[in-house]
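Just so you know, we're using the UniProt record's numbering here: the sequence shown kicks off at 1 and counts up by one. Ideal placement from N, C-alpha and C gives every residue a C-beta, glycine not left out.
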Amino acid sequence: MSFRGGHMRDSGPNEDSNYLERHNDDLVNGLSSKVAALKRVTIAIGDDVREQNRLLSDMDNDFDSSKGLLQSTMRRLGIVSKAGGKNMLCYLILFALFVFFVIYCLAR
């Protein structure tokens, strides 16, 4: 006789062994499902990290091209400012309009 769960019952060693085996199988199945869920989450995180790295790389390339454009524009503005003359204000206004146009196109 063994005492399990508040009830007395007659059971032999074979029945106890079967009960423990079923209980272990249930625990293993539960653990297996948790491991599978963890694997899916880990794979999803890895995919997300790869996608974000790709987006960061694209953004870095965009910033590099914008940097080159701004450097060439600043160089031209420096040339214009050194040249001086009566057309300086006209060039400055055209440059400001160009910058606002670029910002408008990027914001759209």
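- The three-state secondary structure of residue 22, taken from DSSP, is helix.
- When the beta-carbon positions are compared, residue 95 and residue 77 come within less than 8 Å of each other.
- When DSSP states are grouped into helix, strand and coil, residue 50 belongs to the helix group.
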